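Peer 1: Chains as they are written, first to last, in this note's numbering: chain B, 33 to 359; chain H, 33 to 359. Yeah, the Cβ is synthetic: ideal placement off N, Cα and C, and Gly gets one too. All values derive from a computational prediction rather than experimental measurement.
Number of protein chains: 2
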Amino acid sequence: MTDGPLRATFAAPTPSLVTLAGGVGAAKLLTGLIRVHSPSDQLAVVNTADDTVLHGLHVSPDLDTVVYTLAGAVNPDTGWGLAGETWQAMDALDRYGGITWFRLGDRDLATHLYRTHRMDQGADLAAVTAEIAAAWGLELAVLPVTNDRIETRVTTVDEGEIGFQDYFVRRRHDVSVTAVRVDGAMAAQPAPGLIEALAAARSIIIAPSNPIVSIGPVLGVPGVREAVAARREAVVAVSPIVGGAALKGPADRLMRELGHECSVVGVARLYQDVAATLVIDEADSHLADDVEAAGVACVVAPTVMDGVESAAELARTILKCTGVTRA
Amino acid sequence: MTDGPLRATFAAPTPSLVTLAGGVGAAKLLTGLIRVHSPSDQLAVVNTADDTVLHGLHVSPDLDTVVYTLAGAVNPDTGWGLAGETWQAMDALDRYGGITWFRLGDRDLATHLYRTHRMDQGADLAAVTAEIAAAWGLELAVLPVTNDRIETRVTTVDEGEIGFQDYFVRRRHDVSVTAVRVDGAMAAQPAPGLIEALAAARSIIIAPSNPIVSIGPVLGVPGVREAVAARREAVVAVSPIVGGAALKGPADRLMRELGHECSVVGVARLYQDVAATLVIDEADSHLADDVEAAGVACVVAPTVMDGVESAAELARTILKCTGVTRA
């Protein structure tokens, strides 16, 4: 089994815009960002602590959500997976009593087959991700935060510590959580070029992703939080909490259960050391002073993205904050 | 990720009939054997030297061909794979330039996903195979010849030594071969219960599979050839060569290129130490005396199976030879 002259490693470029990203919310924002700023001058740094091995295959949910969304291929009903997907493999797996609670579509499976094959060949996750992004025609660079294994582990009241996908997909995050940790974080290295990209960026954007289980693991890779904090004045975060609730996923419940105020103020406190500016939704405008009291400049704008137009509008707001474009 | 109380190991039963099997030809014969003798009193011992790891998945072509065929689920046009299969994953893999010369159908993928998952959990191949066979409703026991990795390697004139699937699928066995060896054979152990099953069987059948790359690796697992030879009087082989040619696959060319006479006589010589009887096709009746001169009793019968009826008729002929049923 041989392949062409594919690279085994990949180092991030140093573009003007670097976005720290989880899955669905980040992917939506990125569809706006590539509308208002050259995609080839952008880097998305994506959480990999949700990654899992299923059936021997390396699955990277957030990376795939970002790539599929930017390629215009994502399932619009779910925000993840591929549009027009078929499910023959999962349906057939039911015969064996195999793992089907994490549904892998037939075409999506190809991504995991390819990733696993290339990593078995010795390619690192960043290199494979670059190949996958290129195959989908992306001009924006997509980078896993690390090539090393990091894995979010969730301590639940009823079952003790379980894996992230067990919590997120199998239990539909409908359980009480007492702790979250990222296994492997201390030993992980930032992906090649990441620290340099953060240092060189004109602006760093923290996407409206889950602060605990999406952005948390990104900042938790040793050196990343410090590199972002060193650029604090150039960092704009977008609150994933609107009107006290997460638009999607368990960010609100997790924040509450882990002792954070579940509001834009709670988000501001979580990001106070790394971001100079927080964009909050108009629904939370009455909390703008409290955000500023937490030491973070506050920008009020529509943040709920229901399509590319609203994502682009939010992207314009962000870029105005950072001076990449002028008000 | 948890599973039910599945067994991690599997030991073969000791039924009356044990069939040594490759893929398509053996599977056809087995469809006849289960028509004329109780399937629950039969064991198929299947070659695993064609097994390969593709995209990180453990693929066992001959095991799957036997199971799918006996389940009535095989693609009748090819003799392998599943009927009514779809190819979304392979088509999507083309986007990445992934390995698609070995085509894995969407539903077939489920088998490899399950096998890989269970082996990652520590189950041995025999245990997983028993689970897969049970899931398809098979009563006949299906056993890999070994739980250990064995891999047929083919030395070609043009490219040196290559893997079996590289030779068989990618090159469509359309290359000249100077040697065949089974990597890992010396260190392999027979699957649990296999030697006992061979000792206890009323009759052992060598299916009309490729003597070099299907039956060869089965007999090549240490202890198997000796255990079969010890039962030589109870062993009936069916010639895969009819009129000097293989009905399917490269058996004829391989036999020639490796210095064997490509005829039923050549087959008789290859099996002379392990089989007392060889069933040859009516087309080769003029060679019956030469077969007997090679030290093997010769039975002439229709051996070309074009359906379950002809497979059952061949099965009846075999059982008459062995005394399991009387003429």
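Could you name the residues of the segment 152-173 of chain B whose beta carbon sits closer than 8 Å to any beta carbon of chain C, in the order they occur along the chain?
Peer 2: As a matter of chain content, chain C is missing from the structure shown, whose protein chains are B and H.
Peer 1: Is any beta-carbon of chain H found at less than 7 Å from that of Gly-361/B?
Peer 2: Outside the shown range of chain B, which is 33 to 359, sits residue 361/B, and nothing can be said about it.
Peer 1: Step through the CB atoms of chain B and report whether any lies within less than 7 Å of the CB of Ile-194/H.
Peer 2: Ile-194/H does not count as touching chain B.
Peer 1: Whether or not the segment 247-265 of chain H and the segment 322-334 of chain H are in contact is what I'm after, with contact meaning three or more pairs of Cβ atoms, one per stretch, closer than 8 Å; do they touch?
Peer 2: No, because fewer than three Cβ pairs between the segment 322-334 of chain H and the segment 247-265 of chain H fall closer than 8 Å, the two stretches do not touch.
Peer 1: Starting from Glu-163/H and walking both ways along the alpha helix (DSSP H), at which residues does that stretch end?
Peer 2: Its alpha helix (DSSP H) spans residues 157-167.
Peer 1: Whose CA, out of Leu-136/H, Leu-125/H, Thr-132/H, Ala-103/H, lies closest to the CA of Glu-117/H?
Peer 2: Checking every option, the nearest Cα to that of Glu-117/H belongs to Leu-136/H.
Peer 1: Along chain H, which residues have their Cβ under 9 Å away from the Cβ of Gln-120/B?
Peer 2: What Gln-120/B touches in chain H: Glu-117, Thr-118, Gln-120, Ala-121, Gly-137, Asp-138, Arg-139, Leu-141, Ala-142.
Peer 1: Mapping the DSSP letters down to three states, classify His-144/B as helix, strand or coil.
Peer 2: His-144/B: helix per DSSP, three-state reduction.
Peer 1: Could you give the first and the last residue of the continuous beta strand (DSSP E) run that contains Cys-330/B?
Peer 2: 329-333 is the span of the beta strand (DSSP E), which, as asked, contains Cys-330/B.
Peer 1: Applying the criterion that 16 or more other CB atoms from any shown protein chain within 10 Å of the CB defines a buried residue, is Pro-249/B buried or exposed?
Peer 2: Buried is the call here.
Peer 1: As an exercise, report each continuous beta strand (DSSP E) stretch of at least 3 residues that is fully enclosed by the segment 74-102 of chain B, in chain order.
Peer 2: Those beta strand (DSSP E) runs which fall completely within the segment 74-102 of chain B and span 3+ residues are 74-78, 84-86, 89-91.
Peer 1: Please report the straight-line C-alpha distance between Thr-132/B and Leu-175/B, rounded to a whole angstrom.
Peer 2: Those two C-alpha atoms are separated by around 28 Å.
Peer 1: Along the beta strand (DSSP E) that carries Gly-192/B, what are the first and last residues, could you check?
Peer 2: Looking at the DSSP string, the run of the beta strand (DSSP E) that includes Gly-192/B is 192-195.
Peer 1: How close, in whole Å, do the beta carbons of Leu-17/H and Ala-343/H come, if the pair is a contact with beta carbons under 8 Å?
Peer 2: The structure shown has nothing for residue 17/H, since chain H only spans 33 to 359.
Peer 1: Could you say which of His-90/H, Ile-66/H, Ile-164/H lies nearest to Val-130/B if we only look at CA atoms?
Peer 2: One point to set straight first is that residue 130/B is Gly, not Val, in the sequence displayed. Selected option, being the one with the closest Cα: Ile-164/H.
Peer 1: Looking at C-beta atoms only, is the number of pairs between the segment 335-350 of chain B and the segment 55-69 of chain B that lie closer than 8 Å three or more?
Peer 2: Because the criterion of three Cβ pairs below 8 Å is met, the segment 335-350 of chain B and the segment 55-69 of chain B touch.
Peer 1: Is the beta carbon of Ser-246/H sitting closer than 7 Å to the one on Gly-54/H?
Peer 2: Yes, they are a contact pair.
Peer 1: Counting only C-beta atoms, is Tyr-146/H closer than 7 Å to chain B at any point?
Peer 2: Closer than 7 Å: yes.
Peer 1: Which of helix, strand or coil does DSSP assign to Ser-295/B?
Peer 2: Looking at Ser-295/B - three-state DSSP - the assignment turns out to be coil, as it is neither helix nor strand.
Peer 1: Would you call the segment 152-171 of chain H and the segment 198-216 of chain H touching, i.e. three or more CB-CB distances under 8 Å?
Peer 2: Touching, no, given that fewer than three Cβ pairs across the two stretches are closer than 8 Å.
Peer 1: Compare the C-alpha of His-87/B against each of Val-98/B, Ala-121/B, Val-99/B, Asp-109/B and name the closest.
Peer 2: Among Val-98/B, Ala-121/B, Val-99/B, Asp-109/B, the Cα nearest to that of His-87/B belongs to Ala-121/B.
Peer 1: Kindly indicate which three-state DSSP category Val-174/H falls into: helix, strand or coil?
Peer 2: Note: Val-174/H maps to strand in three-state DSSP.
Peer 1: Could you tell me whether the Cβ atoms of Leu-145/H and Leu-125/B are closer together than 7 Å?
Peer 2: Yes; because the gap between Cβ atoms is below 7 Å, this pair is in contact.
Peer 1: Can you tell me whether Val-56/H is buried or exposed, with buried defined as 16 or more other CB within 10 angstroms of its CB?
Peer 2: Val-56/H is buried by the Cβ-count criterion.
Peer 1: Cutting at 7 Å between CB atoms, please list the residues of its own chain near Ala-239/H, excluding the five before and the five after it.
Peer 2: Contacts found: Thr-51, Leu-52, Ala-53, Gly-54, Gly-57, Ala-58, Leu-61, Val-270.
Peer 1: Against chain H, with Cβ distances strictly below 7 Å, would His-87/B count as a contact?
Peer 2: Answer yes: the Cβ-Cβ gap between His-87/B and chain H drops below 7 Å somewhere.
Peer 1: What's the C-alpha gap between Asp-381/H and Ala-158/H?
Peer 2: Here chain H covers residues 33 to 359 and nothing more, so residue 381/H does not appear.
Peer 1: Going by DSSP in three states, Leu-49/B sits in which element: helix, strand or coil?
Peer 2: Looking at Leu-49/B - three-state DSSP - the assignment turns out to be strand.
Peer 1: If I follow the unbroken beta strand (DSSP E) through Leu-310/B, where does it start and stop?
Peer 2: Per DSSP, Leu-310/B belongs to the beta strand (DSSP E) from 309-313.
Peer 1: Taking DSSP as the reference, what is the three-state secondary structure of Leu-136/B?
Peer 2: If DSSP states are grouped into helix, strand and coil, Leu-136/B belongs with coil.
Peer 1: So the beta strand (DSSP E) Arg-213/B belongs to, where does it begin and stop?
Peer 2: Per DSSP, Arg-213/B belongs to the beta strand (DSSP E) from 209-215.
Peer 1: Straight-line CA distance for Ser-48/B to Arg-234/B?
Peer 2: Taking the straight line joining both Cα atoms gives about 5 Å.
Peer 1: Would DSSP call Leu-114/B helix, strand or coil?
Peer 2: Leu-114/B: strand per DSSP, three-state reduction.
Peer 1: Please tell me whether Ala-229/B and Ile-182/B are closer than 7 Å, where the distance is taken between their beta carbons.
Peer 2: Contact: no.
Peer 1: Between His-149/B and chain H, is any beta-carbon pair separated by less than 7 Å?
Peer 2: Interface residue, yes.
Peer 1: Using the rule of at least 16 other Cβ atoms within 10 Å of the residue's Cβ for burial, across every protein chain shown, is Val-189/B buried or exposed?
Peer 2: That one is exposed.
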